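Following: one structure in C-alpha cells, then a few remarks.
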Amino acid sequence: MADFSLNEDQVQIQKWIHGFAEDVIRPAAHEWDEREEFPYPIVEEAAKIGLYGWEFLMNAFADPTALTLPVAVEELFWGDAGIGMAIMGSALAAAGISGNGTPEQVMEWVPQCYGDASKVQLGAFCVSEPDAGSDVSNLRTRAVYDEANDEWVLNGTKAWITNGGIADVHVVVAAVDPELKGRGQASFVVPPGTKGLSQGQKYLKHGIRASHTAEVVLDDVRIPGRCLLGGKEKLDAKLARAREMGHSGEKQPAMATFEATRPTVGAQALGIARAAYEYALDYAKERKAFGKPIVMHQAIAFKLANMATEIDAARLLIWRAAWLSRNGGFTNGEGSMSKYKASEVAVRVTEDAIQILGGYGYTREYPVERWHRDAKIHTIFEGTSEIQQLVIARAISGMRIE
Ligand SMILES: Cc1cc2nc3c(=O)[nH]c(=O)nc-3n(C[C@H](O)[C@H](O)[C@H](O)COP(=O)(O)OP(=O)(O)OC[C@H]3O[C@@H](n4cnc5c(N)ncnc54)[C@H](O)[C@@H]3O)c2cc1C
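Using UniProt numbering, read the sequence shown as starting at 1 and increasing by one per residue.
Quick look at the structure:
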C-alpha cells in the first residue's frame with residue numbers, strides 16, 4: 001500500500017460531497033444546532049441527490065480500497081457534524097444488518113433504513129443500555145423465543161441511541177443467554193410500526209445537536225422469527241458451541257459492527273478538525289495584533305503547524321485502517337488507533353482554533369465553539385478513547401489487559 005492517491009471515482013465523490021457540504025450543510029448548521037432537532041429538510045436534500053441512501057452506502061462498501069467511505073465522511077462532517085450524523089446515523093443500523101444478516105435479510109432491511117427521496121426513512125442501531133455502554137457484554141435487554149408462534153419477544157431499555165424512537169428500522173442487540181455474556185447475544189430487526197417499541201427520554205446534548213439521541217424502550221416487543229439476523233440455525237449452533245467450550249471464539253455481534261465502523265468514525269472527527277483548522281488559518285492571516293497578522297507571531301504559526309501535522313497523521317491512520325479492513329484485516333488494533341487518534345486530534349485542534357480566534361472564538365457567532373462541542377463526542381461514542389487504548393494494548397501485547 002504505497003500509493004496514497006485517490007482514484008478518479010473517489011476524487012469525484014470527494015468533490016461532489018464537498019459541494020453539498022459547502023452549499024447546503026454549512027449554511028444550515030447553526031440553525032439546526034440551535035434548534036436541536038433532527039434536520040429532516042437537509043436529509044431530504046441529501047436523499048434527492050443520492051447521498052442519503054442505501055445505494056450510496058453499498059457502493060462505498062463495495063470499493064476494494066475501502067477509502068471511499070472515509071473520504072466521503074470527512075467532507076460531510078467538514079460541512080457539519082450534527083447534520084453529518086443525521087445523514088450517517090442510519091449507516092450504523094445498515095452496518096449491523098450487513099455484518100450479521102443473511103444476504104436476503106440485507107436486501108430486505110437495509111433499503112428500509114433509508115427509504116427514498118419521496119419518503120426518507122431512518123435506521124437506529126441499539127446496543128448501549130443505562131448500565132452497559134463500554135461493557136457491552138453485560139446487556140440486560142432479553143430476547144426470548146416463543147416457539148409456538150415462531151416469534152421473539154424483546155424486553156429492556158436502550159440508552160443513547162442515535163435516531164432512537166424516530167427510526168423506522170431499529171436493530172436491537174439483546175441477550176438470548178445472559179450467562180454466556182457477549183457470546184450469548186444476538187441482533188434483531190424490529191420492523192417499522194412494531195407494537196411495544198417506544199422512545200424514552202430525548203437527551204439534550206453538548207454537541208452534534210442536530211442528531212437525535214434518545215432512549216428506546218422495548219416492552220414485550222414481538223417480532224417474527226425471520227427478524228433474527230443470521231437466522232436461528234446459526235444462532236443455535238453458536239450458542240451450543242459457546243456452552244460446550246465455554247467460549248465460541250466468535251466475536252460479539254455488537255463488537256463486530258463497531259470494529260468495522262471505526263475508521264469511518266475517525267473520518268467524522270477528521271472532518272471537524274479540518275474545518276476548524278482551515279477556519280483558524282484564514283482567520284490568523286486576517287486578524288492583526290501588535291501591527292501584524294497574528295499568523296506572523298510564532299506562537300500562533302506553530303499552533304497551526306501542529307494542527308496541520310496532526311490532521312495529516314490522523315488521516316493516514318484512517319486510510320490505512322480503512323484499507324486494512326478490506327485487505328488483510330487488523331493485526332495491531334489499527335482500526336482503534338485511527339479512531340482514537342482522530343478523535344483526540346479533533347478535540348485538541350478545535351480547542352486550538354478557539355484559542356486562535358480569541359474572544360470571537362468563544363462566541364456562538366463563530367462556528368469554532370460548535371466544532372469543539374461536536375468534536376468531543378468522538379472520544380466517547382463507538383468506544384471511548386480508553387476502550388480504544390484497551391483494544392490496542394491487548395492487540396500489541398497479546399495479553400488480557402483489564
Ligand atoms: C450522542 C451519542 C450517540 C450515541 N449513539 C449510540 C448508538 O446509536 N447506539 C448505541 O448502541 N450506543 C450509542 N451511544 C452510546 C455510546 O456508545 C456509549 O455512551 C459509550 O460506549 C460509553 O458508554 P457509557 O456512556 O456507558 O460509559 P461507561 O462505559 O460507563 O464509561 C465511563 C468512563 O469509564 C471508562 N471506562 C469504562 N470501562 C473501562 C475500562 N475497562 N478501562 C478503562 N476505562 C474504562 C470510559 O472510557 C469512560 O471514560 C451514543 C452515545 C452518545 C453520547
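We put the CB at the ideal spot given by N, CA and C, even for glycine.
Note that this is a predicted model, so its numbers are computed, not measured.
> Does DSSP classify PRO41 as helix, strand or coil?
Replying inline: helix
> In three-state DSSP terms, what is LEU218?
Replying inline: strand
>> For SER248 and LEU270, what's the separation of their Cα atoms in angstroms?
In response: Note that SER248 has pLDDT 47, beneath the 50 cutoff, so the model's placement of it is unreliable and no number is given.
> What separation, rounded to the nearest whole angstrom, lies between the Cα atoms of ALA273 and ASP236?
Replying inline: 45 Å
>> Is THR141 a contact residue of ligand 2, with contact defined as CB to any heavy atom under 7 Å?
In response: Absence of ligand 2 is noted for the structure shown, with ligand 1 being the only ligands found.
>> Could you tell me the alpha carbon to alpha carbon distance between GLY335 and ARG183, rounded to whole angstroms?
In response: 22 Å
> Any idea what DSSP makes of ALA132, helix, strand or coil?
Replying inline: strand
> Are the stretch 385-392 and the stretch 340-348 in contact at 8 Å, needing three or more beta carbon pairs?
Replying inline: yes
> Quick one: any contact between the stretch 83-101 and the stretch 157-174, if contact means 3 or more CB pairs under 8 Å?
Replying inline: yes
> Of all Cβ atoms in chain B, is any one closer than 8 Å to the Cβ of ALA210?
Replying inline: In the structure shown, chain B does not exist; there is a single protein chain.
>> Under 7 Å: does the beta carbon of THR261 sit that close to some heavy atom of ligand 1?
In response: no
> With a CB to CB cut of under 6 Å and the five nearest residues on each side skipped, what residues in its chain are close to PHE4?
Replying inline: none
>> Please tell me whether, using a cut-off of 7 Å, the distance from the CB of ILE300 to the nearest non-hydrogen atom of ligand 1 is below it.
In response: no
> First and last residue of the beta strand (DSSP E) that includes SER118?
Replying inline: Where SER118 is concerned, there is no enclosing beta strand (DSSP E), given that its DSSP letter is neither H nor E.
> For ILE87, does the three-state DSSP call read helix, strand or coil?
Replying inline: helix
>> Which runs of the beta strand (DSSP E) at least 3 residues long sit entirely within the stretch 190-216? Give them in chain order.
In response: 197-202
>> According to DSSP, LYS158 sits in a beta bridge with which residue or residues?
In response: VAL216
> Thinking C-alpha only, which one of LYS195, SER385, LEU228 is nearest ASP219?
Replying inline: LYS195
> Excluding the five sequence neighbours on either side, which residues of its own chain have a C-beta within less than 8 Å of the C-beta of GLU344, listed in chain order?
Replying inline: THR379, SER385
>> Strictly by DSSP, which residues pair up with ALA175?
In response: ARG142, GLN185
>> At a threshold of 7 Å, does PHE125 count as lining ligand 1 (C-beta to nearest heavy atom)?
In response: yes
> Mapping DSSP to helix, strand and coil, what is PHE61?
Replying inline: helix
> Is the closest heavy atom of ligand 1 to the C-beta of SER134 under 7 Å?
Replying inline: yes
> How far does the alpha helix (DSSP H) with ASP374 in it reach, from first residue to last?
Replying inline: 368-376
>> If you reduce the DSSP assignment to three classes, tell me which class LEU316 lands in.
In response: helix
> DSSP three-state call for ILE223: helix, strand or coil?
Replying inline: strand
>> What does the alpha-carbon distance come out to for the pair ARG26 and VAL144?
In response: 46 Å
> Cα separation between LYS234 and GLU365?
Replying inline: 54 Å
>> For ILE87 and TYR52, which I take to be in contact (beta-carbon distance under 8 Å), what is that distance rounded to the nearest angstrom?
In response: 5 Å
>> Please tell me whether THR350 and ALA322 are closer than 8 Å, where the distance is taken between their beta carbons.
In response: no
> Mapping DSSP to helix, strand and coil, what is VAL153?
Replying inline: strand
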